[in-house]
């Protein structure tokens, strides 16, 4: 309150009207402001949240890691051991040779070994007949044998003579002979033309060869 106002109202030094006092006459109240209080509350709540979060995390870690951190030593001996009684289901045919072969195992077979196949019969043309076997057949009296073929039957030999005598005109008027013989364990029938002597036999054989045939002087 100013001195002029105080004098007009006839007030003493000790008399005062507080509602007429100016704001400058009052000091600002002591203590923190509202903004600071709010910040302190927020900081306190954050600190409490951090503390509870740390306690919760520590509690979870202690439950997950309950071991003492020591290494477990490996057991001695084999890691896997087959049981004495596997108690497994046995299927029909298990253990047979077919199953063992399908599993990549080898099994001894009790089957008898297969017999070797018989050798294929060899052709016996007249030119391949041996001279020793030819000498075993005695020539016809007064003639020399000119062997023309060796066949597996007498009938086949006669058919061959009919064919050759029709192919070579000079054989039609000659005699022929079919002789049974054994060659390398096989029975053959030798077809031969009968010549008067060795000279004529050689001439006949050479003529047959020149015409594309085959022959052999048998005796």
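Residue numbers (the numbering used here): 349 to 567. In this text, a Cβ means the ideal position worked out from N, Cα and C, and glycines have one as well.
Under 8 Å between C-beta atoms of residue 541 and residue 564 | Between residue 541 and residue 564, the CB-CB gap reaches or exceeds 8 Å.
Using the C-alpha atoms, what's the distance from residue 534 back to residue 555?
-> Whole-angstrom Cα-Cα distance: 30 Å.
Tell me residue 407's beta-bridge partners as DSSP assigns them.
-> According to DSSP, which records beta bridges pairwise, residue 407 is partnered with nothing at all.
Runs of beta strand (DSSP E) wholly within the segment 504-545 (minimum 3 residues, chain order) = The segment 504-545 contains, as complete beta strand (DSSP E) runs of 3+ residues, the segments 523-531, 534-543 (chain order).
Looking at residue 495 and residue 566, is the spacing between their C-beta atoms short of 8 Å?
-> In contact: residue 566 and residue 495 (Cβ atoms closer than 8 Å).
Please classify residue 497: does DSSP put it in a helix, a strand, or coil?
-> Residue 497: strand per DSSP, three-state reduction.
From residue 399 to residue 391, what distance separates their C-alpha atoms?
-> So the two alpha carbons sit approximately 12 Å from each other.
Would residue 492 be called buried (16 or more neighbouring beta carbons within 10 Å of its own) or exposed?
-> Around the CB of residue 492, 16 or more other CB atoms lie within 10 Å, so the residue is classed as buried.
How should residue 503 be labelled, buried or exposed, when 16 other C-beta atoms within 10 angstroms of its C-beta is the threshold for buried?
-> Counting other Cβ atoms within 10 Å of its Cβ, residue 503 stays below 16 and is therefore classed as exposed.
In angstroms with no decimal places, state the Cα-to-Cα distance between residue 530 and residue 539.
-> Using only the alpha carbons, I get a separation of about 14 Å.
Can you grab the Cα-Cα spacing for the pair residue 501 / residue 536, in whole Å?
-> Straight-line Cα distance between these residues: approximately 7 Å.
Identity of the residue in 405, 532, 516, 401 nearest residue 558 by Cα = Among 405, 532, 516, 401, the Cα nearest to that of residue 558 is on 516.
With C-beta atoms as the reference, is residue 543 less than 8 Å away from residue 552?
-> The beta carbons of residue 543 and residue 552 sit closer together than 8 Å.
Would residue 526 pass as a contact of residue 506 if the rule is Cβ separation under 8 Å?
-> The criterion of a C-beta distance shorter than 8 Å is satisfied by residue 526 and residue 506.
Any idea if residue 393 is buried or exposed, counting beta-carbon neighbours within 10 angstroms, 16 or more meaning buried?
-> With fewer than 16 other Cβ atoms inside 10 Å of its own Cβ, residue 393 counts as exposed.
So which of 547, 560, 497 has the shortest CA-CA distance to residue 524?
-> Cα-wise, what sits closest to residue 524 is 497.
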